[in-house]
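Engineer:
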Amino acid sequence: MLEISLFVVLVFGTLHIEGARILAVYPCPSISHQVVFRPLTLELLKLGHEVTVVTPDPMYPKDGAPANLTEIDIHQSYEMMHKMIQENGPETVFDNLNVAVAVHDFLKTQTEFVVKSKEFQDLLYEIKTKKFDLLMIEALFTPMLALTHLTKAPTILVSSLGPFLGNYEMMGAPTTPLLYHHPFSNRLYNLTLWEKASELYNKLHIDFSNKMSEKNMNEFLKRIFGSDIPPLNKLRDNVDMLFVNLNTIWEGNYPVPPNVIHMGGLHQKPQKSLPQDLQQYLDASKNGVIYFSFGTNVNTSVLPVEKMAVFEKVFAELPYNVLWKMNNDNFPIKSDNVKIFKWLPQADLLRHPNIKMFITQGGLQSTDEAITAGVPLLGIPILGDQRYNVEKYVHHKIGVKLMFQDITETNLKNAIFELVENKCYKDNMVRLRSLMQDQPQTPLERAIWWIQYVLRNGGAKHLRAPAANLPWTEYYEVELLSCIVFVFIILTVLIFFVIRNLLSFVLNFSNTSDKLKKL
Numbered sequence: 001m002l003e004i005s006l007f008v009v010l011v012f013g014t015l016h017i018e019g020a021r022i023l024a025v026y027p028c029p030s031i032s033h034q035v036v037f038r039p040l041t042l043e044l045l046k047l048g049h050e051v052t053v054v055t056p057d058p059m060y061p062k063d064g065a066p067a068n069l070t071e072i073d074i075h076q077s078y079e080m081m082h083k084m085i086q087e088n089g090p091e092t093v094f095d096n097l098n099v100a101v102a103v104h105d106f107l108k109t110q111t112e113f114v115v116k117s118k119e120f121q122d123l124l125y126e127i128k129t130k131k132f133d134l135l136m137i138e139a140l141f142t143p144m145l146a147l148t149h150l151t152k153a154p155t156i157l158v159s160s161l162g163p164f165l166g167n168y169e170m171m172g173a174p175t176t177p178l179l180y181h182h183p184f185s186n187r188l189y190n191l192t193l194w195e196k197a198s199e200l201y202n203k204l205h206i207d208f209s210n211k212m213s214e215k216n217m218n219e220f221l222k223r224i225f226g227s228d229i230p231p232l233n234k235l236r237d238n239v240d241m242l243f244v245n246l247n248t249i250w251e252g253n254y255p256v257p258p259n260v261i262h263m264g265g266l267h268q269k270p271q272k273s274l275p276q277d278l279q280q281y282l283d284a285s286k287n288g289v290i291y292f293s294f295g296t297n298v299n300t301s302v303l304p305v306e307k308m309a310v311f312e313k314v315f316a317e318l319p320y321n322v323l324w325k326m327n328n329d330n331f332p333i334k335s336d337n338v339k340i341f342k343w344l345p346q347a348d349l350l351r352h353p354n355i356k357m358f359i360t361q362g363g364l365q366s367t368d369e370a371i372t373a374g375v376p377l378l379g380i381p382i383l384g385d386q387r388y389n390v391e392k393y394v395h396h397k398i399g400v401k402l403m404f405q406d407i408t409e410t411n412l413k414n415a416i417f418e419l420v421e422n423k424c425y426k427d428n429m430v431r432l433r434s435l436m437q438d439q440p441q442t443p444l445e446r447a448i449w450w451i452q453y454v455l456r457n458g459g460a461k462h463l464r465a466p467a468a469n470l471p472w473t474e475y476y477e478v479e480l481l482s483c484i485v486f487v488f489i490i491l492t493v494l495i496f497f498v499i500r501n502l503l504s505f506v507l508n509f510s511n512t513s514d515k516l517k518k519l
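At position 108 of the sequence shown the residue is numbered 108 (UniProt numbering), and the sequence of numbers has no breaks.
This is the structure in structure tokens:
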């Protein structure tokens with residue numbers, strides 16, 4: 001049935017559209033980001049479009065891609081990502097404010113590397129000589145908005161996660177930080193007055209840092225792409241649509257304009273069979289299995305050894321088996337009930353009925369896969385949007401939060417037994433899955449339909465909200481408020497003088513009357 005509905009959407013959505021030339025720029029060196037973009041590329045190829053993709057993770061070997069796909073390989077950018085994490089150290093990754101600044105510097109470094117590569121220079125020459133009908137840019141990489149000026153093509157920003165900083169402001173969605181939370185929020189629900197002040201400060205601090213760095217970014221863009229590149233504030237006006245990899249329920253029913261499309265769960269695929277040895281191990285684990293992974297972007301070798309030792313000791317005392325995805329060869333594991341793997345087919349593994357719970361860093365893709373599998377979560381957030389996601393675990397009662405600095409044997413053991421023995425977490429997860437999946441279209445169908453919409457109509461500027469990319473002074477009507485405050489001050493001063501003069505007159509009149517009476 002799914003194949004039929006997708007066929008109908010694609011056939012009727014492609015009427016009157018010939019094969020278009022599409023440029024997709026997805027530079028982030030993280031496979032968890034790239035797996036979100038791949039389904040879009042593959043469907044566009046099936047529709048007969050000619051697609052050029054800039055990616056650090058090509059889907060095909062060199063000279064092995066379909067005739068209508070060109071992949072520009074920038075795999076060397078992984079070295080820069082690892083270098084950034086090592087230079088900033090484990091202390092920095094726990095601080096979202098520092099991460100925001102570090103990411104900004106990384107974007108410039110990564111963009112410069114990509115643009116100066118021979119393959120990209122050839123692409124820039126092609127842009128000057130041939131027309132692209134659509135430009136798709138990874139939403140995180142705002143420097144790549146310079147391509148909107150060079151291609152003059154309708155543009156869709158595609159986020160492998162939720163909205164990055166500035167994305168929703170660009171589209172005109174409301175951004176009240178305590179009501180509609182940003183991805184770097186530390187706390188979301190039931191905040192004390194002090195926590196509200198702290199969250200507001202964090203948002204203002206990050207926004208201020210971004211604003212202060214924009215001048216340097218504009219100079220950087222002119223140096224890399226050419227002196228005629230407009231500033232970022234102008235380039236943002238070239239964006240037609242924004243795709244975010246979130247389910248509307250997970251995001252908290254954020255009110256967004258019609259040119260913001262939710263495609264949460266896009267990367268997920270039908271279940272596949274597990275490798276035979278892994279299947280046998282899971283089947284034989286009668287007491288159940290705990291799965292533990294910090295994802296692809298957190299290198300366990302940079303995490304404090306004493307914290308990793310706590311996990312090892314607690315796992316050894318559990319009546320369950322443990323599958324631990326870890327890339328640290330120097331950390332010894334002595335427990336018989338713990339198996340270490342450098343890679344595991346996570347999405348399929350989680351769907352095995354003997355998986356009791358999932359210990360995760362709170363990444364969005366991992367969260368989506370756990371919801372699909374109906375597996376309760378122990379979230380230990382480390383960087384980026386992970387604190388935001390783990391706050392959602394607690395809110396929806398599908399998991400437990402444990403901050404990395406709070407990891408002790410007692411806290412970890414209590415959290416594990418709470419999730420395994422309390423059936424409400426499993427029940428809530430199944431209920432949430434049912435709500436999130438009850439939609440008229442799959443995420444892929446929705447995304448493809450809107451891509452075709454942009455191609456059919458030559459863009460989607462008519463869907464932009466009035467508040468799109470407005471300066472905050474205009475968004476909050478600072479000029480009007482200033483006039484109101486000014487008038488209020490003038491009236492207050494006038495009233496003060498009137499009252500003072502009136503009182504003075506009354507006092508003088510009273511004194512004069514007293515003197516006349518004495519005479």
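Using N, Cα and C, we set each Cβ at its ideal position, and we do this for glycine too.
(1) Note down, one range per segment and in chain order, each alpha helix (DSSP H) of at least 4 residues found wholly within the stretch 335 to 422.
(2) So, helix, strand or coil for F141, using DSSP?
(3) Closer than 6 angstroms by C-beta to V394: which residues in its own chain qualify, once you throw out the five before and the five after it? Chain order, please.
(4) The alpha helix (DSSP H) that contains D283, what's its start and end?
(5) Is it right to say H75 is buried, meaning 16 or more other beta carbons lie within 10 angstroms of its own, or is it exposed?
(6) According to DSSP, is F184 helix, strand or coil?
(7) Taking the alpha-carbon of W450 as reference, which of H262, F164, K116 has the nearest alpha-carbon?
(8) Any idea what DSSP makes of R500, helix, strand or coil?
(9) Taking all protein chains shown into account, do 16 or more other C-beta atoms lie within 10 angstroms of the C-beta of I359, making it buried, or fewer, making it exposed?
(10) CB A468 to CB P257, shorter than 9 angstroms?
(11) Use the C-beta contact count for D406: other C-beta atoms within 10 angstroms, 16 or more gives buried, fewer gives exposed.
(12) Report all residues from its chain with a CB closer than 7 angstroms to the CB of L235; omit the five preceding and five following residues, and keep chain order.
(13) Just to check my reading of the structure: P183 and Y475 have Cβ atoms closer than 8 angstroms, yes? What is that Cβ distance to the nearest angstrom?
(14) Just checking, does the stretch 284 to 291 make contact with the stretch 314 to 321 on the three C-beta pairs under 8 angstroms criterion?
(15) Just the Cα atoms here: how many angstroms apart are G64 and P345?
(16) Jot down the residue ranges of each uninterrupted beta strand (DSSP E) in the stretch 155 to 218, minimum 3 residues, whole runs only, in chain order.
(17) Identify, in the order they occur along the chain, each residue of the same chain with its Cβ nearer than 6 angstroms to the Cβ of F120, setting aside the five sequence neighbours on each side.
(18) Measure the alpha-carbon distance for M403 versus P255 and round it to whole angstroms.
(19) I need the boundaries of the alpha helix (DSSP H) containing K128, first residue and last residue.
(20) Please identify the residue among P466, L242, W343, Y60 whose C-alpha is closest to the C-alpha of L157.
(21) Taking contact to mean 3 or more Cβ pairs, one atom from each stretch, closer than 8 angstroms, check whether the stretch 334 to 352 and the stretch 289 to 296 are in contact.
(22) How far does the alpha helix (DSSP H) with H149 in it extend, from its first residue to its last?
(23) Is the separation between the beta-carbon of P48 and that of L364 shorter than 9 angstroms?
(24) Cα-Cα, which of V239, N190, N186, N216 is closest to K203?
(25) What distance in whole Å lies between the Cβ atoms of F37 and A24, which are believed to be in contact at a cut-off of 8 angstroms?
(26) One question on the structure: do L377 and I355 come within less than 9 angstroms of each other, judged by their Cβ atoms?
(27) What are the boundary residues of the alpha helix (DSSP H) that includes A447?
(28) Could you check how far apart the C-beta atoms of E369 and Q271 are, in whole angstroms? I think they sit under 8 angstroms.
(29) Write down the C-beta distance between T52 and L123 rounded to the nearest angstrom, noting that I regard them as a contact closer than 8 angstroms.
(30) What separation, rounded to the nearest whole angstrom, lies between the Cα atoms of E91 and V298?
(31) Specify the secondary structure class of D73 as computed by DSSP and reduced to three states.
(32) From I249 to M436, what distance separates their C-alpha atoms?
(33) P177 and L200 look like a contact to me (Cβ under 8 angstroms); what is the Cβ gap, rounded to whole Å?
(34) Helix, strand or coil for Y254, going by three-state DSSP, please let me know.
(35) Straight-line CA distance for T14 to N457?
(36) In the DSSP assignment, find the alpha helix (DSSP H) that holds D240 and state where it starts and stops.
Structural biologist: This is what the structure gives:
(1) 346 to 350, 364 to 373, 386 to 396, 409 to 421
(2) Here residue 141 corresponds to residue number 141 of the sequence shown, with the count starting at 1. The answer is coil: DSSP assigns F141 none of H, G, I, E or B.
(3) Locating residue 394 in the sequence shown gives position 394, where the first residue counts as 1. Around V394: K401.
(4) Here residue 283 refers to the residue found at position 283 of the sequence shown. Counting along the chain, the alpha helix (DSSP H) containing D283 begins and ends at 276 to 284.
(5) Here residue 75 is taken as the residue at index 75 of the sequence shown, counted from 1. So H75 ends up on the exposed side.
(6) Taking the first residue of the sequence shown as position 1, residue 184 is located at position 184. Of the three classes helix, strand and coil, the one that applies to F184 here is coil, per DSSP.
(7) Residue 450 sits at position 450 when you count from the first residue of the sequence shown. Between W450 and the set H262, F164, K116, the nearest pair of CA atoms involves H262.
(8) By 1-based counting over the sequence shown, the position of residue 500 is 500. R500 falls in the helix class under three-state DSSP.
(9) Indexing the sequence shown from 1 puts residue 359 at position 359. When all chains shown are included, I359 counts as buried.
(10) To locate residue 468, count along the sequence shown from 1; it is residue 468. To locate residue 257, count along the sequence shown from 1; it is residue 257. Yes.
(11) Position 406 of the sequence shown, counting from 1, holds the residue named residue 406. Flag for D406 reads exposed.
(12) Counted from its first residue, the sequence shown places residue 235 at position 235. Closer than 7 angstroms at Cβ, skipping near neighbours: L145, A146, T148, H149.
(13) Position 183 of the sequence shown, counted from the first residue, corresponds to residue 183. Position 475 of the sequence shown, counted from the first residue, corresponds to residue 475. That belief does not hold up - the Cβ atoms of P183 and Y475 are roughly 20 angstroms apart, past 8 angstroms.
(14) yes
(15) Locating residue 64 in the sequence shown gives position 64, counting from the first residue. Locating residue 345 in the sequence shown gives position 345, counting from the first residue. Using only the alpha carbons, I get a separation of about 25 angstroms.
(16) 155 to 159
(17) Residue 120 sits at position 120 when you count from the first residue of the sequence shown. Cβ neighbours of F120 beyond the five flanking positions: V114.
(18) The residue given as residue 403 occupies position 403 in the sequence shown. The residue given as residue 255 occupies position 255 in the sequence shown. For M403 and P255, the distance between alpha carbons rounds to 30 angstroms.
(19) For the purposes of this step, residue 128 is taken as residue 128 along the sequence shown, with counting starting at 1. K128: member of the alpha helix (DSSP H) spanning 118 to 129, first to last residue.
(20) If you number the sequence shown from 1, residue 157 lands on position 157. Ranking the options by Cα distance to L157, first place goes to L242.
(21) yes
(22) Within the sequence shown, residue 149 is the residue found at index 149, counting from 1. Residues 146 to 151.
(23) For this step, residue 48 is matched to residue 48 along the sequence shown. For this step, residue 364 is matched to residue 364 along the sequence shown. In the sequence as displayed, the identity of residue 48 is Gly instead of Pro. Against a cut-off of 9 angstroms, the Cβ pair of L364 and G48 comes out as no contact.
(24) Your numbering for residue 203 matches position 203 in the sequence shown. The shortest Cα separation from K203 among V239, N190, N186, N216 belongs to N186.
(25) Residue numbering aside, residue 24 sits at position 24 when the sequence shown is read from its first letter. Residue numbering aside, residue 37 sits at position 37 when the sequence shown is read from its first letter. Right, their Cβ atoms sit about 7 angstroms apart.
(26) As a working note, residue 377 is residue 377 in the sequence shown. As a working note, residue 355 is residue 355 in the sequence shown. For L377 and I355, no; Cβs fall outside 9 angstroms.
(27) In the sequence shown, the residue the question calls residue 447 occupies position 447. A447 -> alpha helix (DSSP H) spans 443 to 457.
(28) What you label residue 369 is simply residue 369 of the sequence shown in a count that begins at 1. What you label residue 271 is simply residue 271 of the sequence shown in a count that begins at 1. Not quite, the Cβ-Cβ distance comes to about 11 angstroms (not below 8 angstroms), so this is no contact.
(29) Sequence index remark: in the sequence shown, residue 52 carries index 52 (1-based). Sequence index remark: in the sequence shown, residue 123 carries index 123 (1-based). The Cβ separation is near 7 angstroms, so the contact holds.
(30) Position 91 of the sequence shown, counted from the first residue, corresponds to residue 91. Position 298 of the sequence shown, counted from the first residue, corresponds to residue 298. Below a pLDDT of 50, predicted positions are generally treated as unreliable, and E91, at 48, falls in that range; the measurement from the model is reported next regardless. Cα to Cα, the separation comes out at about 13 angstroms.
(31) Mapped onto the sequence shown, residue 73 falls at position 73. DSSP places D73 in the strand class (E or B) of the three-state scheme.
(32) Taking the first residue of the sequence shown as 1, we reach residue 249 at position 249. Taking the first residue of the sequence shown as 1, we reach residue 436 at position 436. Cα to Cα, I249 sits roughly 7 angstroms from M436.
(33) Position 177 of the sequence shown, counting from 1, holds the residue named residue 177. Position 200 of the sequence shown, counting from 1, holds the residue named residue 200. Right, their Cβ atoms sit about 6 angstroms apart.
(34) Within the sequence shown, numbered from 1, the residue matching residue 254 stands at position 254. Reduced to three states, the DSSP call for Y254 is coil.
(35) Residue mapping note: residue 14 aligns to position 14 of the sequence shown, counting from 1. Residue mapping note: residue 457 aligns to position 457 of the sequence shown, counting from 1. Note that T14 scores a pLDDT of 46, beneath 50, so its modelled location is shaky and nothing firm can be said.
(36) In the sequence shown, the residue the question calls residue 240 occupies position 240. That residue, D240, is in no alpha helix (DSSP H); its beta strand (DSSP E) goes 239 to 244.
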